[in-house]
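So the structure is just underneath, and the comments pick up after that.
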Amino acid sequence: MLSSYIIPGQKIELHATVDNRDVKDKEKIYLSCVHEVLSDDRIEVTMPMEQTKLILLPVDGEYEVFFYTPGGLYQCICRIIDRYKSSNVYILVLELVSNLRKYQRREYYRFSCALDMSARILEEEEIEALDERRNYLVPGLPLKHSIIVDISGGGLRFVANQKYEEGSLIYCNYYLTVNGVNKEYNLVGKILHVSEVEKQKGTFEHRVQYINIDSTEREEIIRYIFEEERKNLKREQK
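In terms of our numbering, the sequence shown is residues 4 to 241.
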């Protein structure tokens with residue numbers, strides 16, 4: 004239950020989401036605190052202020068919300084569904100549109116999925132280009148099919164009949180639908196760990212860390228995860 008983690012008086016931060024068109028300053032962080040937990044997916048928070056001025060955040064605006072609790076930092080995406088004054092306190096009502104999760108500042112949340120991916124080992128000239136901080140991929144080389152089983156802003160985990168050696172660099176090609184657009188991703192990753200899948204002889208699980216991803220691609224992957232979690236939450240509510 005939400006009230007097991009979130010209680011009145013806890014400090015929170017609201018960060019505008021990437022596609023929040025109603026917010027002019029998308030890098031702005033708004034400070035507030037929890038006023039009341041209404042249900043498992045709705046909370047009241049105090050309206051943010053700057054000096055003595057109330058900040059009227061827009062109804063229907065979506066924010067990435069961070070909760071400072073005794074058990075650590077928690078995170079979710081919320082939508083503002085109402086705002087009003089109650090007993091001389093200005094209130095925003097937030098509705099959770101993603102699951103509440105423990106947030107590790109140096110880690111990325113891993114989202115379970117089943118996505119097609121094509122991969123291959125990098126050629127020597129491609130590795131040399133990376134060492135020189137250039138992105139270069141030899142076109143037309145054969146790729147092997149695999150399945151991504153979880154993904155994050157920092158890397159992915161996939162299974163394949165091909166076994167790649169730990170420490171090797173591989174080219175990863177896959178598609179994600181972000182903000183309604185199907186986009187191709189061509190990334191290089193380092194194999195951190197390999198193990199044979201239990202009861203599936205000849206199938207290998209690989210854990211990969213991205214090494215050439217830019218901030219825009221990373222944000223898009225995180226946005227994809229938030230969108231998919233929101234869909235899952237809506238299905239569960241139905």
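From the three backbone atoms N, C-alpha and C, an ideal C-beta is built for every residue, glycine too.
Check your understanding: Excluding the five sequence neighbours on either side, which residues of its own chain have a C-beta within less than 8 Å of the C-beta of Ile-84, listed in chain order?
Key -> The count along the sequence shown starts at 1 and reaches residue 84 at position 81. Cβ neighbours of Ile-84 beyond the five flanking positions: Arg-45, Val-62, Asp-63, Val-96, Leu-97, Glu-98.
Exercise for review: Taking all protein chains shown into account, decide if Ala-117 is buried (16 or more other Cβ within 10 angstroms of its Cβ) or exposed.
Suggested key: Reading the sequence shown from its first residue, position 114 is the one you call residue 117. With fewer than 16 Cβ atoms within 10 Å of its Cβ, Ala-117 is classed as exposed.
Review point. Where does Thr-55 fall in DSSP's three states?
Key: If you number the sequence shown from 1, residue 55 lands on position 52. If DSSP states are grouped into helix, strand and coil, Thr-55 belongs with coil.
Check your understanding: Where does Glu-201 land, buried or exposed, given buried means 16+ other C-beta within 10 angstroms?
Key -> Within the sequence shown, the letter at position 198 stands for residue 201. Using a 10 angstroms sphere on the CB of Glu-201, the tally of other CB atoms stays under 16, which defines it as exposed.
Check your understanding: With burial defined as no fewer than 16 other Cβ atoms inside 10 Å of the residue's Cβ, what is the status of Lys-27: buried or exposed?
Key -> Mapped onto the sequence shown, residue 27 falls at position 24. Since pLDDT at Lys-27 reaches only 48, below the 50 mark, its modelled position is unreliable, and no value is offered.
Practice item. Buried or exposed for Leu-60, please, with buried defined as at least 16 other CB atoms from any protein chain shown within 10 angstroms of its CB. Key: Translated into positions along the sequence shown, residue 60 becomes position 57. By the beta-carbon neighbour count (other beta carbons within 10 angstroms, threshold 16), Leu-60 is buried.
Review point. Would a C-beta distance cut-off of 8 Å place Phe-207 and Lys-166 closer than the cut-off?
Key: Residue numbering aside, residue 207 sits at position 204 when the sequence shown is read from its first letter. Residue numbering aside, residue 166 sits at position 163 when the sequence shown is read from its first letter. It is a contact, given that the beta carbons lie within the stated cut-off.
Check your understanding: Is Val-92 near His-38, with beta carbons less than 8 Å apart?
Key -> For this step, residue 92 is matched to residue 89 along the sequence shown. For this step, residue 38 is matched to residue 35 along the sequence shown. Cβ distance < 8 Å, so Val-92 and His-38 count as in contact.
**Study point:** Coarse secondary structure for Ser-155, derived from DSSP in three states
**Key:** Taking the first residue of the sequence shown as 1, we reach residue 155 at position 152. Coil, per DSSP.
Review point. In terms of alpha-carbon separation, which member of Gly-170, Glu-16, Asp-43 lies closest to Tyr-77?
Key: On the sequence shown, residue 77 is found 74 positions in, with the first residue counted as 1. Measuring from the Cα of Tyr-77, the nearest candidate turns out to be Glu-16.
Check your understanding: So, using beta-carbon positions, are Leu-125 and Tyr-174 closer together than 8 Å?
Key -> In the sequence shown, counting from the first residue as 1, residue 125 sits at position 122. In the sequence shown, counting from the first residue as 1, residue 174 sits at position 171. Yes, the Cβ-Cβ distance between Leu-125 and Tyr-174 is below 8 Å.
**Study point:** Cα-Cα separation, Leu-94 to Ile-10
**Key:** Taking the first residue of the sequence shown as 1, we reach residue 94 at position 91. Taking the first residue of the sequence shown as 1, we reach residue 10 at position 7. Note on identity: in this sequence residue 94 is Ile, with Leu being the wrong assignment. CA-CA distance, Ile-94 to Ile-10, rounds to 16 Å.
Exercise for review: Evaluate Gly-12 with the Cβ neighbour count: other Cβ atoms within 10 Å of its Cβ, from every protein chain shown; 16 or more gives buried, anything less gives exposed.
Suggested key: Looking up residue 12 in the sequence shown gives position 9. Label assigned to Gly-12: exposed.
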